[in-house]
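There are 2 protein chains.
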Amino acid sequence: MKLYDFSLAPNPRRVRMFLAEKGIEIPTQQVDIRDREQFGEAFLAINPHSVVPVLELDDGTRIGESVAICRYIEEQHPEPALMGSDAKEKAVIEMWNRRAEFEGFGAAAEAVRNSLPLFEDRGAPGVPGGVPQIPALVGRGQQSMGRFFDKLDKQLAENGYVAGDAFSIADITAFVAIEFGKRAEIEMPDSCPNVARWHEEMTARPSASA
Amino acid sequence: MKLYDFSLAPNPRRVRMFLAEKGIEIPTQQVDIRDREQFGEAFLAINPHSVVPVLELDDGTRIGESVAICRYIEEQHPEPALMGSDAKEKAVIEMWNRRAEFEGFGAAAEAVRNSLPLFEDRGAPGVPGGVPQIPALVGRGQQSMGRFFDKLDKQLAENGYVAGDAFSIADITAFVAIEFGKRAEIEMPDSCPNVARWHEEMTARPSASA
Chain B
52 MKLYDFSLAP NPRRVRMFLA EKGIEIPTQQ VDIRDREQFG EAFLAINPHS
102 VVPVLELDDG TRIGESVAIC RYIEEQHPEP ALMGSDAKEK AVIEMWNRRA
152 EFEGFGAAAE AVRNSLPLFE DRGAPGVPGG VPQIPALVGR GQQSMGRFFD
202 KLDKQLAENG YVAGDAFSIA DITAFVAIEF GKRAEIEMPD SCPNVARWHE
252 EMTARPSASA
Chain X
52 MKLYDFSLAP NPRRVRMFLA EKGIEIPTQQ VDIRDREQFG EAFLAINPHS
102 VVPVLELDDG TRIGESVAIC RYIEEQHPEP ALMGSDAKEK AVIEMWNRRA
152 EFEGFGAAAE AVRNSLPLFE DRGAPGVPGG VPQIPALVGR GQQSMGRFFD
202 KLDKQLAENG YVAGDAFSIA DITAFVAIEF GKRAEIEMPD SCPNVARWHE
252 EMTARPSASA
């Protein structure tokens with residue numbers, strides 16, 4: 052196996068954290084998306100969709116999409132379970148992982164991609180011809196992220212982790228979303244002490260530096 | 052079990068199609084999101100996130116997020132498998148389902164939510180105070196959907212179904228995304244004969260009218 056990775060990008064980080072929590076090490080190859088390497092001929096042959104991460108299996112199959120990669124790892128290495136052990140756990144974790152993706156990660160991406168000069172003409176990922184930024188999305192993203200912090204705080208007031216009483220992929224997604232949002236100057240609000248407690252615990256996990 | 056549903060909304064439709072393909076019937080309760088019933092006290096007690104669908108289990112647990120609901124059903128009723136049978140299948144189906152969601156369904160939602168008068172002040176779902184429409188997102192959504200059609204056509208030139216040679220949840224997501232996009236006058240381009248062939252087959256499945 053081999054992971055096409057970019058150490059500065061948030062989606063590959065989700066996969067690296069997932070692997071670190073599983074205690075799995077696999078070879079990685081950097082694809083410098085700042086330098087548009089994802090649109091070059093060499094990487095197009097790996098992933099015509101021009102995004103990282105991609106997991107290449109030993110039989111040559113290539114899996115894109117962070118959570119699909121995590122799903123493969125989880126199926127091959129079930130312990131520790133990060134996506135649930137029975138039907139109900141799997142569904143509850145998937146529910147919270149999706150909330151963290153759509154309402155947290157998605158909001159951060161909206162604010163970051165539509166404001167930073169680095170993302171000029173990269174309003175959406177994986178488009179060779181570029182996608183113009185839409186400045187109005189910065190405020191919408193910031194506001195969505197504010198609502199996400201509030202929801203997360205309520206959930207973490209009653210639960211140790213995002214999807215309940217055990218660490219899961221939903222914690223990874225929410226943590227990386229918050230870290231990503233900082234690039235658009237979205238900070239944790241003081242009104243969310245439970246998020247602050249949990250965030251401190253996440254930061255202390257060895258996987259946080261994966 | 053009971054499904055909180057709204058017959059005119061695309062996300063609940065994904066779940067209804069999934070259930071129909073499994074041959075499962077469960078009681079449903081309509082939540083009229085046109086009339087803001089999702090923000091009313093009764094439904095807030097069911098789902099404080101104010102979105103449908105929600106699956107209520109017999110033990111009272113409530114699962115939100117369409118794919119999380121499908122995951123629960125899949126785990127409880129594995130046949131016919133709609134989310135894959137082994138690690139590789141599960142990962143490939145999840146990859147294509149996510150592409151259909153982010154690049155197809157997401158694009159359609161962008162165009163629909165930011166253009167139709169029905170969605171005035173509903174630029175994003177589940178926000179009681181409302182989210183203003185951003186007109187620039189209509190064009191971005193239409194263009195993203197155009198790219199999605201092209202990708203899908205390439206995939207369907209070489210495969211019977213979206214995620215390979217078997218019908219899966221990825222077909223449901225792509226089909227509902229295309230149907231949803233029609234509300235913003237996004238039609239299948241003539242340049243995508245493979246999508247047209249597949250779309251005809253999807254339309255002919257009994258689950259399409261679920």
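Heads up: the protein sequence lines correspond to chains B and X, in order.
Residue 52 is where the first sequence starts when you use our numbering, and the numbers rise one by one after that.
Residue 52 is where the second sequence starts when you use our numbering, and the numbers rise one by one after that.
Just so you know, even glycine gets a beta-carbon here, dropped at the ideal spot from N, CA and C.
Predicted model, so just to flag it, every value in this text is computed and none were measured.
Environment of residue i [buried if 16+ CB atoms lie within 10 Å]
i         : result
X:Gly-211 : exposed
X:Thr-224 : buried
B:Lys-141 : buried
B:Asp-216 : exposed
X:Gln-81  : exposed
B:Glu-130 : exposed
X:Asp-222 : buried
B:Lys-73  : buried
B:Phe-151 : Here residue 151 of chain B turns out to be Ala, not Phe, going by the sequence shown. With 16 or more Cβ atoms within 10 Å of its Cβ, B:Ala-151 is classed as buried.
B:Arg-149 : buried
X:Gly-111 : exposed
Beta-carbon proximity check, residue i vs residue j, cutoff 8 Å
i         : j         : result
B:Ala-247 : B:Met-253 : no
B:Val-143 : B:Ala-214 : yes
X:Ala-159 : X:Phe-226 : no
X:Ala-132 : B:Ala-187 : no
X:Gly-192 : X:Ala-235 : yes
B:Gln-184 : B:Gly-177 : no
B:Phe-153 : B:Val-163 : no
B:Ile-75  : B:Met-134 : no
B:Ala-261 : X:Gln-127 : no
B:Pro-257 : B:Ala-71  : yes
B:Met-52  : B:Leu-106 : yes
X:Val-189 : X:Ser-166 : yes
X:Pro-179 : X:Ser-101 : yes
X:Met-146 : B:Gly-155 : no
B:Arg-87  : B:Asn-98  : no
Close beta carbons around residue i, own chain, < 7 Å, minus the five adjacent residues each side
i         : result
B:Pro-104 : Leu-54, Tyr-55, Asp-56, Asn-62, Pro-63, Val-66, Ser-117, Ile-120
B:Asn-245 : Asp-204, Leu-207, Ala-208
X:Phe-200 : Met-239, Pro-240, Cys-243, Val-246
B:Ile-237 : Ala-159, Ala-162, Gln-193, Met-196
X:Ile-84  : Phe-57, Ala-60, Val-103
Strand pairing of residue i, partner residues [DSSP]
i         : result
X:Arg-5   : Given that chain X is displayed from residue 52 to residue 261, the structure contains no residue 5 of chain X and the question cannot be resolved.
X:Tyr-123 : Bridge partners of X:Tyr-123: none, in fact.
B:Val-143 : According to DSSP, B:Val-143 bridges with nothing at all.
X:Ile-114 : X:Leu-106
B:Leu-54  : B:Thr-79, B:Leu-106
B:Gly-74  : Partner(s): none; B:Gly-74 has no beta bridge.
X:Gly-215 : X:Tyr-212
Sequence-distant residues of its chain with Cβ nearer than 8 Å to residue i (five each side left out)
i         : result
X:His-250 : Phe-226, Ile-229, Met-239
B:Glu-161 : Leu-188, Val-189, Arg-191, Gly-192, Ser-195
B:Asp-109 : Met-52
X:Asp-172 : Gly-181, Val-182, Pro-183, Gln-184
X:Lys-202 : Arg-150, Glu-154
Own chain, CB closer than 6 Å to residue i, minus 5 neighbours either side, in chain order
i         : result
X:Lys-233 : none
B:Ile-77  : Met-52, Leu-54
B:Phe-218 : Tyr-212
X:Thr-79  : Leu-54, Asp-56
B:Ser-136 : none
Interface partners of residue i on chain D, CB under 9 Å
i         : result
B:Ser-195 : Note that chain D does not occur in the displayed structure, where the protein chains are B and X.
- Query: Are the stretch 122–139 of chain B and the stretch 86–94 of chain X touching by the rule of at least three beta carbon pairs closer than 8 Å?
  - Reply: No, they do not touch.
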